[in-house]
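Numbering (the numbering used here), first residue to last: 1441 to 2062.
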């Protein structure tokens, strides 16, 4: 009998096909049962309930131990999708005081893995957040009617003062980006969004814990799995002590009412920020609870931009406060020396057709009276001589040396403070001017930078830091808000002095000039009001009047006492006019408050008067 070779081949084909099919099924079963966790989760969800234990967030105190930020109870509603059966949606909506549309939207958002990458029908998903105790009580009574829904105890932030909103910051629900950046967070968690809350999020948040609970076949809780052997308690967040003095902060906010500007005060010895005022400000209570989103949008739309922390985000021309940094640079570079101890002033700086105006005073002037009277001509001559000096070879080389000195004094780059959003300002370099003037420029071309105008931009924090550097006679510690972290050391950057490129001996001359600006010992005194407001204190000051498209900005920089400084301060009032109009009196009253713990009766009257002053800014976009 002949063999059927076609049948023989078919046998192998059929056998191979069967083997392939069996292998596919085996691989699929292996994937489902071994590689995938879905079945395990389904089984575990029937037997166990993993209940997250949220830690209490760290609280904040001011430098004197006054409680600033604390926690109060709130409640979240969570749901396990697989456990929701026979739900009376309308009853649930009435109980929680929400609309059916809101319910449907929340369900869609939960199931959307793009916005909620951690979604699982077997785990708790946050449905609603921040219910009050009263709202929670109503829901608790009817909870038995809504299988699959649970109540999770949380905390929300509360504030003791309607102050320091830019410093303290706020918390809000995590975004998709937050979850992707840190697997600690899941949908419904809260994270610091601004200020200290954001900068010190990891210290403040603590660590979540978990309770593993046993359930019977009907889903009823039977107790802890293995008597809680595998439970993990939550770890509370670290408490923070801030460097700010809340009474000083409140006074600053009061003085800047109806004005746009900033105040920054620093303790020179430590770099701790004593106050950081940005005006207009807002009540931090607006940023808590379920109305946060609505209130945040309202503040965003405000033309005066109350969410902007002008103390670190506002880039302004420093005006004449910058002359102190110029003086230090000229001394270090030998531009001011025995052959040129004085410079002339004929109602300003005059060179050919170029004229930079100045107010009337004696001439010629040496350095100390030049600082005391804020002589424009003196510093114009200094910059012109430096950029023309043959030892540098070219203006490009001269400005490189000049910029290096300015950077060492804290300008041109971020100082590195422990608040988000700090801006760097601008100190121009040779490349900047080569591009602007096609390589053809000299000291006369850029003369305006000698008096803190032109292209120079600084933040109020940088100006205050210059005051602290002069107070310390040549070094500063990076300004920082947080003074202490519970059971933890501050970053070394906030403990290590940064020495400038200027010799210490030159700071004494500049400090004497700033003291003469208060006493009038050399004639004219631009800060004489400091002595009136702060009698008996050896205060030093320097005014600034920064030119602007509208009315000039009013600026003040100072420190006190002269030889044992406790406070350095910068005041910046937009469109406030001369430095002596707003900057000087506000700065002096702030120093009085800090040094004496309260304002004198006379200064209390002054403070009330200044707080009621209104500067009209019009309807322009800001």
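Glycine included, every Cβ here is placed at the ideal spot set by N, Cα and C.
Inset, instruction - Ignore the nearest five residues each way along the sequence and tell me which others in residue 1649's own chain have a CB closer than 6 angstroms to its CB. - result: The residue given as residue 1649 occupies position 209 in the chain shown. Taking C-beta separations shorter than 6 angstroms and ignoring five residues to either side along the sequence, the partners of residue 1649 in its chain run 1493, 1672, 1673, 1674, following chain order.
Inset, instruction - Ignoring anything shorter than 3 residues or poking outside the stretch 1541–1625, list the beta strand (DSSP E) runs there in chain order. - result: Whole beta strand (DSSP E) segments, 3+ residues: 1565–1571, 1589–1599, 1611–1613.
Legend entry - Inter-residue Cα distance where the pair is residue 1635 and residue 1877: Within the chain shown, the letter at position 195 stands for residue 1635. Within the chain shown, the letter at position 437 stands for residue 1877. Each residue's Cα considered, the two are about 40 angstroms apart.
Legend entry - Enclosing beta strand (DSSP E) for residue 1512 [first to last residue]: Reading the chain shown from its first residue, position 72 is the one you call residue 1512. 1507–1519 is the span of the beta strand (DSSP E), which, as asked, contains residue 1512.
Inset, instruction - Using the DSSP secondary-structure output, state which residues sit across from residue 2063 in a beta bridge. - result: Residue 2063 lies beyond the residue range present for the chain, which begins at 1441 and ends at 2062; the question has no answer from this structure.
Inset, instruction - Please look up how many angstroms separate the CB atoms of residue 1942 and residue 2025, rounded, as I've assumed it's under 8 angstroms. - result: Here residue 1942 corresponds to residue number 502 of the chain shown, with the count starting at 1. Here residue 2025 corresponds to residue number 585 of the chain shown, with the count starting at 1. The Cβ separation is near 30 angstroms, so there is no contact.
Legend entry - Beta-bridge partners of residue 1756, as assigned by DSSP: Position 316 of the chain shown, counted from the first residue, corresponds to residue 1756. In the DSSP secondary-structure assignment, residue 1756 is bridged to 1898.
Legend entry - Separation of residue 1670 from residue 1937, as counted between CA atoms: Position 497 of the chain shown, counting from 1, holds the residue named residue 1937. Position 230 of the chain shown, counting from 1, holds the residue named residue 1670. Straight through space, the alpha carbons of residue 1670 and residue 1937 are spaced by roughly 47 angstroms.
Legend entry - Cα-Cα separation between residue 1982 and residue 1723, rounded to whole angstroms: On the chain shown, residue 1982 is found 542 positions in, with the first residue counted as 1. On the chain shown, residue 1723 is found 283 positions in, with the first residue counted as 1. Their Cα atoms are separated by approximately 32 angstroms.
Inset, instruction - Compute the distance between the beta-carbons of residue 1891 and residue 1763, then report whether it is under 8 angstroms. - result: As a position in the chain shown, residue 1891 is number 451, starting the count at 1. As a position in the chain shown, residue 1763 is number 323, starting the count at 1. Going by beta carbons, residue 1891 and residue 1763 fall inside the 8 angstroms limit.
Legend entry - Pair within 8 angstroms by beta-carbon distance, residue 1918 and residue 1857: In the chain shown, residue 1918 corresponds to position 478, counting from 1. In the chain shown, residue 1857 corresponds to position 417, counting from 1. Using a Cβ distance threshold of 8 angstroms, residue 1918 and residue 1857 count as a contacting pair.
Inset, instruction - Classify residue 1905 as buried or exposed, calling it buried when 16 or more other Cβ atoms lie within 10 Å of its own Cβ. - result: As a working note, residue 1905 is residue 465 in the chain shown. Here residue 1905 is buried. Its C-beta has 16 or more other C-beta atoms within 10 Å.
Inset, instruction - Could you tell me which of 1777, 1607, 1553 sits nearest to residue 1822, measuring between CA atoms? - result: By 1-based counting over the chain shown, the position of residue 1822 is 382. Check the Cα spacing between residue 1822 and each of 1777, 1607, 1553: the tightest is with 1777.
Legend entry - At least three beta-carbon pairs within less than 8 angstroms, the stretch 1569–1584 to the stretch 1547–1556: As far as the Cβ criterion goes, the stretch 1569–1584 does not touch the stretch 1547–1556, which means the pair count is below three.
Inset, instruction - Measure the Cβ-Cβ separation of residue 1913 and residue 1864 and say whether it is below 8 angstroms. - result: Numbered from its first residue, the chain shown carries residue 1913 at position 473. Numbered from its first residue, the chain shown carries residue 1864 at position 424. No, the Cβ-Cβ distance between residue 1913 and residue 1864 is not below 8 angstroms.
Legend entry - Inter-stretch contact at 8 angstroms, needing at least 3 Cβ pairs: the stretch 1836–1844 / the stretch 1787–1803: No, the stretch 1836–1844 is not in contact with the stretch 1787–1803.
Legend entry - Buried versus exposed call for residue 1441 [16 or more other C-beta atoms within 10 Å across all chains shown]: Within the chain shown, the letter at position 1 stands for residue 1441. Bear in mind that the predicted position of residue 1441 carries a pLDDT of just 49, short of 50, making it too unreliable to give a figure here.
Inset, instruction - Please go through the same chain and pick out, in chain order, the residues whose beta-carbon is closer than 8 angstroms to the beta-carbon of residue 1872, but skip the five residues on each side of it. - result: For this step, residue 1872 is matched to residue 432 along the chain shown. Only 1895 meet the Cβ criterion.
Legend entry - C-alpha gap between residue 1911 and residue 1677, whole angstroms: Here residue 1911 corresponds to residue number 471 of the chain shown, with the count starting at 1. Here residue 1677 corresponds to residue number 237 of the chain shown, with the count starting at 1. Roughly 36 angstroms between the two C-alpha positions.
Legend entry - Cut-off 6 angstroms between Cβ atoms - residues of its own chain near residue 1592, not counting five sequence neighbours on either side: Translated into positions along the chain shown, residue 1592 becomes position 152. Annotation for residue 1592: 1516, 1518 place their beta carbon closer than 6 angstroms to its own, counting only its chain and skipping 5 residues before and after.
Inset, instruction - Taking 8 angstroms as the threshold, find out whether the stretch 1579–1596 comes into contact with the stretch 1518–1532 through three or more Cβ pairs. - result: Touching, per the Cβ criterion.
Legend entry - Through-space distance from residue 1980 to residue 1630, alpha-carbon basis: Locating residue 1630 in the chain shown gives position 190, where the first residue counts as 1. Locating residue 1980 in the chain shown gives position 540, where the first residue counts as 1. Distance from the CA of residue 1630 to the CA of residue 1980, rounded to the nearest whole angstrom, comes to 45 angstroms.
Inset, instruction - Below 8 angstroms CB to CB, which residues in the same chain sit around residue 1963 once its five sequence neighbours on both sides are set aside? - result: Residue 1963 sits at position 523 when you count from the first residue of the chain shown. Result list for residue 1963: 1801, 1802, 1809, 1812, 1813, in chain order.
Inset, instruction - In angstroms with no decimal places, state the Cα-to-Cα distance between residue 1628 and residue 1851. - result: Within the chain shown, numbered from 1, the residue matching residue 1628 stands at position 188. Within the chain shown, numbered from 1, the residue matching residue 1851 stands at position 411. Note on geometry: alpha-carbon atoms of residue 1628 and residue 1851 lie some 41 angstroms from one another.
Legend entry - At least 3 beta-carbon pairs within less than 8 angstroms: the stretch 1992–2000 vs the stretch 1749–1768: Here the stretch 1992–2000 makes contact with the stretch 1749–1768; the two share three or more CB pairs at distances below 8 angstroms.
Legend entry - Of the listed residues 1971, 1804, 2000, 1967, nearest to residue 1985 (C-alpha basis): Taking the first residue of the chain shown as 1, we reach residue 1985 at position 545. Comparing Cα positions, the closest option is 1967.
Inset, instruction - May I ask you to report which of helix, strand or coil DSSP gives residue 1837? - result: What you label residue 1837 is simply residue 397 of the chain shown in a count that begins at 1. Look at residue 1837 here: in three-state DSSP terms it is helix.
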